[in-house]
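In numbering that gives the first Met the number 0, the protein residues as written are 0 to 173.
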Amino acid sequence: MKLLGLDPGLRTTGWGVIDVEANRLRHLANGAVATRRGDGLAERLLEIYEALLKVIDEYAPDAAAVEETFVARNPRSALRLGQARGVVLLAPASRGLPVAEYAPNLIKKTVVGTGHAGKAQIRMMVGHLLPGCSIEGEDAADALAVAICHAHHLQTNRIWSAALERAGAKEVTA
């Protein structure tokens, strides 16, 4: 199963694609979409959208996961980030992919073991979990962490579903 992790941002949106087979993770690709500050908001959002569609078309992931945003102090910045996040959610959905969302602290806890890990710790653990990968910056490392988090939670949900099914449960709830 191929998973696409996305770290939304108006200046830079990170992306990472991993392959998951049983409990093995393999790095496929990663990068970032950087927009130009001087461009208008609509142009920047379109640039993010089109670049992500190219990534999706090239790597054909089975699912996507997006990092939820935290509440910013500056309302204007929060609004602009929310607009970028909307485009990041739209791109995989427009290609028919299921899209999951994860809180930043859950991503950090899943990948590093603590919900307040720093960027350097995330990058180091992503490199450890995906040996041999060359990470294209902090945003790409964060996106790979989102994909790893999604892989972990998909596996956990499968284990629980199988256990409940064996126990005779008729319905599985999240």
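Think of the CB as a built atom: it goes at the ideal place given N, C-alpha and C, for glycine as much as any other residue.
Endpoints, the beta strand (DSSP E) within which A50 is located: Per DSSP, A50 belongs to no beta strand (DSSP E); it is in the alpha helix (DSSP H), 40-58.
Where L3 sits in the DSSP three-state scheme: strand
Pairwise C-alpha distance: A90 and E20: 25 angstroms
First and last residue of the uninterrupted beta strand (DSSP E) at G15: 11-20
Under the three-state DSSP convention, the category Q154 falls into: helix
Secondary structure, beta strand (DSSP E): runs of 3+ residues fully inside the stretch 76-127: 98-101
DSSP beta-bridge partners of R25: D18
Where the beta strand (DSSP E) containing E66 begins and where it ends: 62-66
Rounded straight-line distance, which links the Cα of L24 to that of L128: 7 angstroms
8 angstroms contact criterion, which V32 and I47 should meet: CB distance rounded: 5 angstroms
Pair within 8 angstroms by beta-carbon distance, L153 and G4: no
Given 8 angstroms, three or more beta-carbon pairs between the stretch 70-82 and the stretch 99-106: no
Contact the stretch 128-141 vs the stretch 80-100: 3+ CB pairs below 8 angstroms: no
CA-to-CA distance, D38 to H149, given in whole angstroms: 33 angstroms
Beta bridge counterpart(s) of A33 as assigned by DSSP: T11
CB contact flag (L88, L9, <8 angstroms): no
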